[in-house]
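Protein chains in written order, with our numbering: chain X, 1 to 225; chain V, 226 to 302. Cβ atoms here follow ideal geometry from the backbone N, Cα and C, with glycine treated the same way.
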């Protein structure tokens with residue numbers, strides 16, 4: 001049965017890596033210090049996170065063709081600022097199971113990726129109807145395959161229309177069919193990524209059950225459902 | 226069965242078949258998971274449900290790819 005895993009007791013009780021590398025120990029010591037040592041460590045951290053944020057913005061640049069270099073760098077600077085605050089606020093959450101820099105990088109990558117996705121969708125209306133139905137024509141498919149596909153698409157459409165709550169339908173259609181980034185939809189709906197993914201997960205589970213109830217066993221379908 | 230577009234849409238609609246982590250747990254485990262991958266360890270065994278989540282959540286998958294690429298660029302293994 002498909003399910004969302006909760007953290008197990010084993011995962012939560014996992015011991016800290018006993019031999020944190022010297023660089024990690026230095027980061028933690030300096031960031032927890034006071035005065036000049038702390039300030040210098042925060043400045044080093046911010047520089048580290050800016051490098052990661054610029055890396056991410058550069059990777060996602062095709063999503064923002066309208067922005068010039070200065071605007072893109074401003075976005076990376078904002079992401080580095082927010083990530084620095086997040087790292088400092090959550091320093092006690094660091095479990096020593098990776099290098100400190102690896103742990104810190106993920107905050108910068110997240111902040112930068114979210115900012116790029118939201119900027120790319122700024123001012124765009126969210127689609128209210130599925131935009132990709134009907135785009136599955138395969139000229140190479142034989143009559144039997146086309147008939148199977150038509151039945152499957154019909155069952156999917158019916159499942160989306162009848163088996164989901166209005167919220168689940170909106171989330172599934174936006175994320176899975178219309179390509180709305182999850183962070184953009186979360187912002188528009190006033191929620192967060194984790195809660196929205198839970199709704200998506202529940203919708204997918206209902207849709208799977210609908211297909212199974214209508215005789216679709218999943219044999220030969222991509223995704224292994 | 227089906228064209229690549231249909232297969233991709235099916236994956237997006239139906240998600241992974243296996244149990245998976247949520248986005249918050251994915252983020253909490255991401256640094257450890259990527260370092261284990263780069264070290265050649267069995268990251269999927271160490272973090273059950275991560276692989277399935279990355280298949281079902283494009284945003285988390287992008288951030289996983291970015292962290293891995295950044296560490297590779299820095300020569301972390």
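In three-state DSSP terms, what is residue i?
i                     : result
residue 246 (chain V) : strand
residue 82 (chain X)  : helix
residue 116 (chain X) : helix
residue 143 (chain X) : helix
residue 264 (chain V) : coil
residue 194 (chain X) : helix
residue 301 (chain V) : coil
residue 122 (chain X) : coil
residue 34 (chain X)  : coil
residue 214 (chain X) : coil
residue 59 (chain X)  : helix
residue 97 (chain X)  : coil
What residues are listed by DSSP as bridge partners for residue i?
i                     : result
residue 230 (chain X) : Nothing can be reported for residue 230 (chain X): it is not among the residues displayed for chain X, which extend from 1 to 225.
Assuming the contact rule is C-beta atoms closer than 8 angstroms, residue i and residue j should be a hit. Round their C-beta distance to whole Å, please.
i                     : j                     : result
residue 197 (chain X) : residue 300 (chain V) : Actually they are not in contact, since the Cβ atoms of residue 197 (chain X) and residue 300 (chain V) sit about 33 angstroms apart, beyond 8 angstroms.
residue 102 (chain X) : residue 260 (chain V) : 6 angstroms
residue 52 (chain X)  : residue 108 (chain X) : 4 angstroms
residue 237 (chain V) : residue 104 (chain X) : Going by Cβ atoms, the distance from residue 237 (chain V) to residue 104 (chain X) rounds to 31 angstroms, so no, they are not a contact pair.
residue 254 (chain V) : residue 281 (chain V) : Going by Cβ atoms, the distance from residue 254 (chain V) to residue 281 (chain V) rounds to 15 angstroms, so no, they are not a contact pair.
residue 76 (chain X)  : residue 57 (chain X)  : 5 angstroms
residue 184 (chain X) : residue 118 (chain X) : 6 angstroms
residue 168 (chain X) : residue 202 (chain X) : 6 angstroms
residue 120 (chain X) : residue 63 (chain X)  : 4 angstroms
residue 98 (chain X)  : residue 256 (chain V) : 4 angstroms
residue 54 (chain X)  : residue 291 (chain V) : That pair is no contact at about 12 angstroms.
residue 126 (chain X) : residue 174 (chain X) : 6 angstroms
residue 49 (chain X)  : residue 70 (chain X)  : Not confirmed; about 19 angstroms, so no contact.
So does residue i have its beta carbon nearer than 7 angstroms to some heavy atom of the ligand SAM?
i                     : result
residue 175 (chain X) : The model depicted lacks the ligand SAM and carries no ligand whatsoever.
### Query
Which residues, taken in chain order from the stretch 69 to 91 of chain X, show a beta carbon closer than 8 angstroms to some beta carbon of chain V?
none
### Task
Note down, in chain order, all residues in the stretch 228 to 242 of chain V with a beta-carbon under 8 angstroms from any beta-carbon belonging to chain X.
228, 230, 231, 232, 233, 234, 235, 236, 237, 238, 239, 240, 241 and 242
### Message
At a CB distance below 7 angstroms, what residues from the stretch 264 to 277 of chain V approach chain X? Give them in sequence order.
### Response
273 and 274
### Message
Does the contact criterion of 3 or more C-beta pairs under 8 angstroms hold for the stretch 261 to 275 of chain V versus the stretch 205 to 220 of chain X?
### Response
no
### Task
Pair every Cβ in the stretch 199 to 206 of chain X with every Cβ in the stretch 156 to 171 of chain X, then say whether three or more of these pairs are closer than 8 angstroms.
yes
### Query
When Cβ atoms are compared, which residues of the stretch 279 to 300 of chain V fall closer than 7 angstroms to chain C?
Given the protein chain composition of this structure (X and V), no chain C is represented.
### Task
Determine contact between the stretch 268 to 275 of chain V and the stretch 25 to 35 of chain X, defined as no fewer than three beta-carbon pairs at a distance below 8 angstroms.
no
### Task
With 9 angstroms as the limit, tell me which residues of the stretch 54 to 66 of chain X have their beta carbon closer than that to any beta carbon of chain V; keep them in chain order.
55, 56, 59 and 60
#### Entry: Chain-ordered residues of the stretch 100 to 127 of chain X with a beta carbon less than 7 angstroms from chain V
102, 103, 105, 106, 109, 110 and 113
### Query
At a Cβ cut of 7 angstroms, what residues of the stretch 189 to 218 of chain X count as close to chain V, listed as they run along the chain?
193, 194, 197, 198, 201, 204, 207 and 208
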